[in-house]
């Protein structure tokens, strides 16, 4: 079979243009075929390439470098790079400290846990991660997600101990999930959350988080535990007469204005990026001083209160390794881990493409997973890459992951020595900081672009958005995943087909819908199938082709034109076919036979040709019915039609 | 935008071959686009086509004919057709009566319920169905599935009343599921069970059913309630010394031999199809007479016993319409309904393609659903199309669904008058009949063909098979569905890419893997992407292209050839693109810029071009970088390379 050549009989005639045979390549053996599929699926980045043809000692070094990229880039590290990293590190540290305290509240945790999570995880990431720009720490969306999911299991106010233990359990399994995906090279799974769905989900989460901040911002004491917009609005307006605290509102509003102005300045003038970056810390310092001096806390202005002054206590013994809580923690961990991963990988890829270096998705997952596993044993909750802080890190001129080490060190000093200073920080300031931070997650431009490009994508985007805002974070997530999957299924169930015509003055055949000047060939119908033919679409494809034929025949009958004698199926876009697909083709062939029409194939690909031969289909329709190009096929068919006339 | 034309600047020069512009068709408006998507997805068969431009009265007639196809074909019915239908109907009736009694046992029901289900449903199908060859009634696989699923809820021996009520509830919801899928035009959902998975599942079910028959065949009294091969074998060999009944075995074995010989004769000589068709009835008559005369039932030969002599009693009041049992019945009904549908639609399509008529999948589902809903109210359990009886029906020369009416009438007479005759029928005969019937469900040839064509399909097939045989029917089904989905996901995650070269003496560019004689163009790398570019594969695609480039550059460096200046992406197979895909292209463009390589696109389709323009991508890379064919693109690029030199 491997030497079968399909020279059409016409190619021997002298007056006929050269017709090239369709290539039937030597068949790959089973093992080779299997290996190449596995390689493209799981090792598409060819991770072992540098290891090839190297001595053993070098292989060990390369292996260590693969796990700890710091060993690779660390060797070319120098003082110039360190200056960039130091400035960037200090900037993101000043940004992360107030954010961390705020995000802990979203996760229903005491403030120190946010700071803990900005100490250990960034340190580990710096040794294992491959992104140079990402800033690691707790983030708003994951904090909110954890907070809502965990609250369903334990009440953080009445059962703080069980709640905390479940936090560490979830963090542990989030890390395990991430690392496992990386080790098993299943990183591509997160690609199933489409860009559009992520845009919608993030925007929805941002609105939800901002709404949650109304509690601190307005000084409301009794606030709903639901996160949907309707419950929150009821709660806000229900307490308008006896729940709002005007002093809190004044402090919050004035500093929010300050933060938004700073943000605006930073946006207008890229050189002033440090203005919005240090504005939060300035707000904290000023407002804390103000409250401390005026004793506003006695007038109902809620303050952070005493934060424990100690570095991360070990928490391995708090993780549930058995019982029902193990399962609960596992479930929440998997969800939080996946979302955290999506965010981190998206950030990593964005900045990598800006500076043109490669981020290895699978390696990245192992790094993030390891940092969360270790984090769960040192009183941290799920950390990941933060959009806002990574952007600041990039603009502040970070060179390597050393900026994360600098940040981590500053946070360590803060936790060790400075926490008492935050005692009088008003909660309203933290709310303002979070509101001004999450506003950046709402990406109008992306949403508008999605609307312009693909309406179905926009539906996915809005579905995720509305799901989060009006119901809950999980609902939004579920909608996003469901629509993403539905889109894939739609794609594989209803492939496009097109009628081709000849473009004038060329031998090129193209879709007559796209090129109205293309002309049909009398007696021949040319159909292109725009997809692999699988069980999910084989019946549709067959019936669609027959419908094209029926419509065309009806037209021809009305205009008294010659009937169709050949159906040419252009197979270039048909990248693969399976048993159901071949069945469909056999049925198509039989139906055409009944109508006295011949089936001709043009340009089947290697893989399709292999399978057609394995099934004996070419023997059924005749081997001389398979051509390299549509032009060749049309030429041969036309000759036959002319001969008959 | 709608008049934008991309004439490459080179096309103006006199000495350059004519380069046709890439067609940017007028943009469809949103509503039109949406309508066409909905139409192709749900109404791809254009069901309203005959209604177009018809007077109102004619529309009513057409509408009635659409629901009751008998009104259409009935008008051209004649005596010649009736002769065919009468013979076919009598033949399938003789086959179905013993099968029905046996299948009832598989569903843990008294024998009359199988007969009931061969009376009402075929009658209704004859009026509403569009297949001419299908034979309706209870089938082995669905009976087994119902039996195993329902037994988990109620014990048919100790709680026969609850069990029976749940049977009708499940049947009701099976019908509702089928009709709903048809009405909502979601018929394509059953295409997601791939052919390979169905082959494996059916073979596994056949083996499981045959194993279950060992109980009746060997005369074992205490038999396991599990269906997996290991439990059954333990049960069979555990009772070898005190459970087997030799008289039963003698009767069973001799008649099984008779049936298999008859089957063989029918296979060898197609004209003798009636031999295997009436063999079961002959076996029943002979063995019943034998047992009645010899009183073998006193020697431990189990017999059917008294069957109630009455036509279907109404059972609407037995269906659970509330409470926990509603939910149980609903779940089981959905599963059984889907499986029944898969079988019926597969049969309908097979015979339709043999006789070249169309079976409307959605209409078919409504017919099957209605018949099961009405069946559930008249003491029937889930009926569908039977493989074995439909084949006999076809070979006996059935012309229309009237053969089902004939069969139904014969069954009616049997139920009304003849049931006492079956009192002494030995169970062993029923087991033999079932064994000889289900053997036909094991399709070795299909399995071998699947192995030859597609290894992954074979895995799905074997997974479903082994799942059914070694675990349970549901497990096998779950495996089949899971592997089918995994295959789709794999397809959309890892699209193929290929490097193209010029085929000598043509201007055709093809995969150099498939056509080793194709030559690369110096300074140009041509890559073809073989799939729509979606969020699920956009990152992979981008990285794969960059990897091709890196590999090629490494090769060129080693052989001191000129470096690559142009990357041509052949977009013909790229049928669609979404926001993530366009992002990936933008990132690709930026990466290429860093390497001083120009990005060129060849032959983007209509839909892709629309979206590229909506996103402003052509402005980014330059509009003169988009060509109609690879040949045009190569020509222009080569000219530029020559000019530079």
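Protein chains in written order, with the numbering used here: chain A, 1 to 645; chain B, 646 to 1290.
Yeah, the Cβ is synthetic: ideal placement off N, Cα and C, and Gly gets one too.
Problem - 7 Å Cβ shell around residue 304 of chain A - same chain, five flanking residues per side excluded - result: 101, 111, 422, 423, 425 and 427
Practice task
Output the distance between the C-alpha atoms of residue 302 of chain A and residue 241 of chain A, rounded to the nearest integer angstrom.
Solution key: 18 Å
Handout entry: Buried/exposed call for residue 882 of chain B, threshold 16 Cβ in 10 Å
Key = exposed
Practice task
Identify the contact partners of residue 1095 of chain B in chain A, using a Cβ-Cβ distance below 9 Å as the criterion.
Solution key: 578 and 579
Exercise for the section: Answer yes or no: the CB of residue 1133 of chain B versus the heavy atoms of the ligand GDP, is any distance below 7 Å? Expected result: Summarising the ligand content, the structure contains no ligands, and the ligand GDP is consequently not present.
Handout entry: the stretch 1000-1007 of chain B touching the stretch 697-709 of chain B, judged by at least three CB pairs closer than 8 Å
Key = no
Practice task
Let me know the secondary structure DSSP gives residue 1071 of chain B once reduced to three states.
Solution key: strand
Exercise for the section: Below 8 Å CB to CB, which residues in the same chain sit around residue 634 of chain A once its five sequence neighbours on both sides are set aside? Expected result: 502, 509, 521, 524, 526 and 568
Handout entry: Of the residues A/300, A/352 and A/412, the one placed nearest residue 391 of chain A, counting alpha carbons only
Key = A/352
Problem - Per-residue contacts from residue 1232 of chain B into chain A (C-beta, under 7 Å) - result: 353
Practice task
Using three-state DSSP, classify residue 502 of chain A as helix, strand or coil.
Solution key: strand
Handout entry: Every unbroken alpha helix (DSSP H) within the stretch 35-117 of chain A, with a cutoff of 4 residues, ordered by chain
Key = 56-67, 70-73, 79-106 and 112-116
Handout entry: Whole alpha helix (DSSP H) elements within the stretch 800-861 of chain B, 4-residue minimum
Key = 805-828
Practice task
Run the CB neighbour count on residue 404 of chain A, radius 10 Å, all protein chains shown included, and call it buried at 16 or more, exposed below.
Solution key: buried
Problem - Per-residue burial, residue 310 of chain A [other beta carbons within 10 Å of its own, 16 or more giving buried] - result: exposed
Exercise for the section: Take every Cβ of the stretch 966-975 of chain B, pair it with every Cβ of the stretch 806-824 of chain B, and state whether three or more of those distances are shorter than 8 Å. Expected result: yes
Practice task
Output yes if chain A places a C-beta closer than 8 Å to the C-beta of residue 1259 of chain B; else output no.
Solution key: yes
Exercise for the section: Using a Cβ-Cβ cut-off of 8 Å, state whether residue 572 of chain A counts as contacting chain B. Expected result: yes
Practice task
Keeping to the same chain, check which residues put their C-beta closer than 6 Å to that of residue 768 of chain B; ignore five residues upstream and five downstream.
Solution key: 1053
Exercise for the section: Using three-state DSSP, classify residue 1189 of chain B as helix, strand or coil. Expected result: helix
Exercise for the section: Could you spell out where the beta strand (DSSP E) holding residue 1247 of chain B opens and where it closes? Expected result: 1243-1247
Exercise for the section: Can you tell me which of B/1098, B/1026, B/686 and B/1056 puts its alpha carbon nearest to the alpha carbon of residue 735 of chain B? Expected result: B/1056
Practice task
Decide if the stretch 118-133 of chain A is in contact with the stretch 66-84 of chain A; the criterion is three or more beta carbon pairs, one per stretch, under 8 Å apart.
Solution key: yes
Practice task
Can you grab the Cα-Cα spacing for the pair residue 917 of chain B / residue 911 of chain B, in whole Å?
Solution key: 5 Å
Exercise for the section: Tell me residue 1307 of chain B's beta-bridge partners as DSSP assigns them. Expected result: As shown, chain B starts at 646 and ends at 1290. That puts residue 1307 of chain B outside it, with no answer to give.
Problem - Cutoff 8 Å: residue 558 of chain A Cβ touching any chain B Cβ - result: no
Problem - Selection from B/1077, B/1076 and B/1107 that minimises the alpha carbon distance to residue 1089 of chain B - result: B/1107
Handout entry: Helix, strand or coil at residue 653 of chain B [DSSP, three-state]
Key = The predicted model places residue 653 of chain B with a pLDDT of 40, which falls under 50 and marks its position as unreliable; any figure quoted below should be read in that light. Coil at residue 653 of chain B, not helix or strand.
Practice task
Would you mind telling me which residues of chain A sit closer than 9 Å to residue 1139 of chain B, beta carbon to beta carbon, in chain order?
Solution key: 37, 40, 41, 44 and 188
Exercise for the section: Consult DSSP for residue 909 of chain B and reduce its assignment to one of helix, strand or coil. Expected result: helix
Problem - Closest residue to residue 466 of chain A among A/641, A/97, A/205 and A/528 (Cα-Cα distance) - result: A/205
Handout entry: Where residue 1142 of chain B falls: helix, strand or coil (DSSP)
Key = strand
Problem - Assigned secondary structure, residue 151 of chain A (DSSP; H/G/I helix, E/B strand, else coil) - result: helix
Exercise for the section: Examine chain A for any beta-carbon lying closer than 8 Å to the beta-carbon of residue 951 of chain B, and answer yes or no. Expected result: no
Practice task
For residue 509 of chain A, write down the residues that DSSP places opposite it in a beta bridge.
Solution key: A/502
Handout entry: Buried/exposed call for residue 1202 of chain B, threshold 16 Cβ in 10 Å
Key = exposed
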